[in-house]
Amino acid sequence: MAHAFDPAGREAVAGKWVWFVALGVILIMCGGIAFGNLLMATVASVYYVGIIMLIGGLLNLGHAFQVKTWGSFLYWLLSAAFYAAAGLFAFINPVLASAVLTFLMALALIVAGCFRVWVGFKLRPFGGWGWMVVGGLVTLAAGLVIAAGWPVNSLWIFGLFLAVDLVMQGLASIAFGVLAKG
């Protein structure tokens with residue numbers, strides 16, 4: 002099998018450039034649809050998280066029965082049950098689930114931003130340490146803005162992230178396809 006760095010691999014990728022461009026156009030269109038209805042995009046995101054958690058909970062439930070003899074069956078079972086219950090909760094009340102997820106995201110961004118600022122200052126003897134601080138401040142600011150708008154913004158914030166991600170992935174795919182064409 003040819004690797005992408007081999008001349009044959011490069012030719013194979015270059016020969017498929019139109020597929021990357023087509024995928025990019027479709028992703029941008031999906032991002033536009035998501036931008037058009039951020040609430041529905043948020044609900045879709047919450048459903049996605051819910052299905053992943055439900056599947057994870059069911060897999061953990063099966064695992065609990067496989068390790069019954071280890072003596073921690075009850076803990077594995079409870080872990081699986083709570084994970085699956087959280088997944089079901091996302092389907093039963095996606096608006097409340099999005100509020101909880103938005104709060105957790107804001108909290109995570111605030112904490113991550115603070116740590117990045119701290120690490121940036123610890124790197125002060127090295128060139129570029131200021132960029133680490135700036136990156137941390139941006140992350141911190143994003144978390145504070147999301148927290149300040151909570152819970153109202155929980156109706157659209159995940160939809161906005163999904164829409165932006167779809168558009169950015171589409172643009173990246175188009176750029177890659179055009180540049181891979183050679």
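Sequential numbering of the sequence shown, starting at 2, is according to the numbering used here.
For each residue, glycine too, the CB sits at the ideal point set by N, CA and C.
No experiment lies behind these values; they were computed from the predicted model shown.
Could you check which residue in L163, A148 and L55 has the C-alpha nearest to that of F36? Checked all of L163, A148 and L55; the closest Cα to F36 is L163.
Looking at the secondary structure, which residues open and close the alpha helix (DSSP H) in which S73 lies? Note, S73: premise wrong, no alpha helix (DSSP H); not H, not E.
Top-ranked residue by Cα proximity to H64, from L79, N94 and W157: L79
G114 and G128 - do their beta-carbons sit closer together than 7 angstroms? Result no, Cβ atoms of G128 and G114 do not sit closer than 7 angstroms.
Between the C-alpha atoms of L24 and A181, what's the straight-line distance to the nearest angstrom? Answer to the nearest angstrom: the Cα atoms are 14 angstroms apart.
Under 7 angstroms, do A148 and A107 count as touching if we go by C-beta distance? yes
Decide if L60 is buried, meaning its Cβ has at least 16 other Cβ atoms within 10 Å, or exposed. exposed
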